[in-house]
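Engineer:
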Amino acid sequence: MINERRLWRATPGFGVAGKLLRINWAYALLICALAGVGYTALYSVAGGSPYPYAEPQTLRFGFGFLMMIALAMTPLRVLSKLAWPAYAVSIVLLVLVLRMGHVGKGAERWLIIGGTQVQPSEFAKIALALALAAYFQHISWERMRNPLWLVPPALLTLLPVALVLKEPNLGTAVIIGAVGATIFLGAGMRWWMIALLAAPVPMLLRIAYAHLHDYQRQRITTFLHPESDPRGAGYNIIQSKIALGSGGMWGQGYLHGTQGQLNFLPEKQTDFIFTTIAEEWGLVGGLTVMGLLLALVLGGMTMAILARSPFGRLLALGISMNFFLYCLVNLSMVMGAIPVGGVPLPLVSWGGSAMLMVMLGFGLLMSVFVHRHDEMLPKKHRD
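In this note's numbering, each residue's number is its place in the sequence shown (first place is 1) plus 149.
1. Determine contact between the region 330 to 348 and the region 291 to 304, defined as no fewer than three beta-carbon pairs at a distance below 8 angstroms.
2. Name, in chain order, the residues that DSSP records as bridge partners for L319.
3. Which class does V492 belong to by DSSP, given the choice of helix, strand or coil?
4. Nearest to Q268 by CA position, among M515, A503, V507, H287, is which residue?
5. Express the C-alpha separation of G213 and L494 in angstroms, rounding to a whole number.
6. Out of M222, F472, M249, which has the shortest C-alpha to C-alpha gap to A327?
7. By DSSP's criteria, W399 is part of a beta bridge. Which residues make up the other side?
8. Can you check which of these residues, T370, E291, N385, is closest to R339 by C-alpha distance?
9. Between L156 and L179, what straight-line distance do the alpha-carbon atoms span, to the nearest angstrom?
10. For the beta strand (DSSP E) containing Q266, name the first residue and the last one.
11. Measuring straight from C-alpha to C-alpha, what distance separates W430 and N295?
12. According to the neighbour-count rule (16 or more other Cβ atoms, all chains shown, within 10 Å of its Cβ), is K230 buried or exposed?
13. With DSSP as the reference, please indicate the residues paired to L225 in a beta bridge.
14. Which one of V313, Y284, I369 has the shortest CA to CA distance from K274?
15. Taking three-plus beta-carbon pairs below 8 angstroms as touching, is the region 239 to 248 in contact with the region 471 to 490?
16. Considering only C-alpha positions, which residue in the set L480, D523, V507, F511 is nearest to P459?
17. Of the choices E416, I261, L305, I356, whose alpha-carbon is the least far from that of Y384?
18. From this set, G406, L463, W399, R462, which residue's C-alpha is nearest T437's C-alpha?
19. Could you check how far apart the C-beta atoms of T223 and S481 are, in whole angstroms? I think they sit under 8 angstroms.
20. Of all the options L319, A184, Q388, L404, which has the alpha carbon lying nearest to the alpha carbon of I369?
21. State the CB to CB distance for the pair A453 and A465, rounded to an integer number of angstroms; the pair is presumed to be in contact (CB under 8 angstroms).
22. Using 8 angstroms as the cut-off, can you tell me whether the region 401 to 421 makes contact with the region 161 to 175, which would need three or more C-beta pairs spanning the two stretches below that distance?
23. According to DSSP, is R105 part of a helix, a strand, or is it coil?
24. For I261, which beta-bridge partners are listed by DSSP?
25. Which of helix, strand or coil does DSSP assign to W340?
26. For L191, collect the residues of the same chain with a Cβ closer than 7 angstroms to its Cβ; drop the 5 residues on either side in sequence, then sort them by chain order.
27. Where does F421 fall in DSSP's three states?
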């Protein structure tokens with residue numbers, strides 16, 4: 150029987166040129182299409198100008214795209230070795246945020262590096278996925294039955310969650326925890342263990358609510374009763390709903406949205422960028438954007454399924470879940486389904502850290518796809 154992995158490796162041009170050919174260019178085209186949507190939306194929110202949002206965002210995307218291609222060339226074995234240093238750097242950056250971070254809107258979430266604002270919590274999600282994938286690649290399904298083997302990865306997950314909560318940044322902390330939980334499940338965690346971990350969640354939620362900051366409690370109250378303060382805390386979500394509804398089926402036309410162009414819609418270049426799109430392009434435009442987002446999520450999950458190495462499979466699963474949660478939280482937020490949490494829409498919302506980290510994640514996904522036949526076996530098991 151022909152060994153598929155040997156055949157893959159024996160194919161001429163497995164070097165840089167061969168890897169370029171093996172990149173999932175259809176997936177890359179979807180990424181470019183969504184970034185194009187972001188450019189048109191940012192051009193619109195600036196009143197029909199490429200500055201200050203659309204042009205800088207395009208430059209970031211161009212740099213991120215080159216970074217994605219470079220990462221696609223990187224073997225999974227190299228990424229596995231870089232996982233632990235990346236995780237350590239992410240923890241150091243999160244600690245530095247608490248000690249010397251830039252304060253914005255009541256929270257310390259950014260570091261000023263070289264005159265540029267950097268949000269380490271974005272990198273922490275990617276670093277955690279790398280670290281957990283690197284850990285679980287050496288853990289067999291039999292060992293997963295022993296809860297003691299789950300203590301180290303649980304601590305690896307809880308540490309960045311705690312540091313991000315301290316900033317405070319509840320939305321990102323929840324996403325980090327969810328990414329970790331997804332990788333746990335993908336690694337073979339038993340359902341009874343999940344039930345055991347989920348048992349104290351209601352009590353922990355009560356404790357967490359008691360320690361929320363005033364503005365976080367206000368978000369919950371506003372979510373439940375936005376009309377109680379229409380000119381204050383409830384203003385954002387009320388204006389978002391008005392803009393979504395005014396778009397109708399086909400929208401009010403590009404550059405002709407009333408809520409967005411007349412500046413009634415707050416944070417229209419970041420948190421509420423989807424609202425601007427739906428107002429100008431209507432339900433059809435909104436569903437098109439959601440279709441692109443769904444295609445990217447499903448494509449990432451497919452790459453996870455195709456990967457033969459546990460490291461590649463778990464890494465792709467974690468990155469895909471991170472992207473999915475980005476989309477889910479942002480879209481649910483602007484539609485009023487969950488409290489406003491300050492999570493951008495990937496590739497569409499304006500922001501440097503979010504854009505580069507999303508492209509970093511896509512680069513890791515591409516590497517998993519290019520090297521999907523690499524089983525990463527120990528030396529004694531290699532062919």
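Each residue gets a CB set at the ideal place from its N, CA and C atoms; glycine is no exception.
Structural biologist: Put simply:
1. The region 330 to 348, when compared against the region 291 to 304, does touch it at the 8 angstroms Cβ threshold.
2. Partner(s): none; L319 has no beta bridge.
3. In the three-state reduction of the DSSP assignment, V492 falls in the coil class, being assigned neither a helical nor a strand state.
4. Checking every option, the nearest Cα to that of Q268 belongs to A503.
5. Their Cα atoms are separated by approximately 16 angstroms.
6. Closest by C-alpha distance to A327, out of M222, F472, M249, is F472.
7. Residue pairing by DSSP places W399 in no beta bridge whatsoever.
8. Selected option, being the one with the closest Cα: E291.
9. Because the pLDDT of L156 is 46, which lies under 50, any placement of that residue in the model is unreliable, and the question is left without a value.
10. It spans 265 to 267 - the beta strand (DSSP E) in which Q266 sits, taken as one unbroken run.
11. When rounded, the separation of the alpha-carbon atoms in W430 and N295 is 53 angstroms.
12. That one is exposed.
13. Under DSSP, L225 forms no beta bridge with any residue.
14. Nearest Cα to K274 within the set V313, Y284, I369: V313.
15. Taking 8 angstroms as the limit for Cβ pairs, the verdict is that the region 471 to 490 does not touch the region 239 to 248.
16. When each option's Cα is compared against that of P459, the closest is D523.
17. Of the candidates E416, I261, L305, I356, E416 places its Cα closest to the Cα of Y384.
18. The shortest C-alpha separation from T437 is found at W399.
19. 34 angstroms between Cβ atoms; not a contact.
20. Per the C-alpha coordinates, the member of L319, A184, Q388, L404 positioned closest to I369 is L319.
21. The beta-carbon distance between A453 and A465, rounded to whole angstroms, is 4 angstroms. This is short enough to meet the 8 angstroms contact definition.
22. Contact fails: fewer than three Cβ-Cβ distances are below 8 angstroms.
23. The requested residue 105 does not occur in the structure, where the chain is confined to residues 150 to 532.
24. Listed as beta-bridge partners of I261 by DSSP are Q266.
25. Looking at W340 - three-state DSSP - the assignment turns out to be helix.
26. The residues are Y202, A203, Q206, Q418, W499.
27. Note: F421 maps to coil in three-state DSSP.
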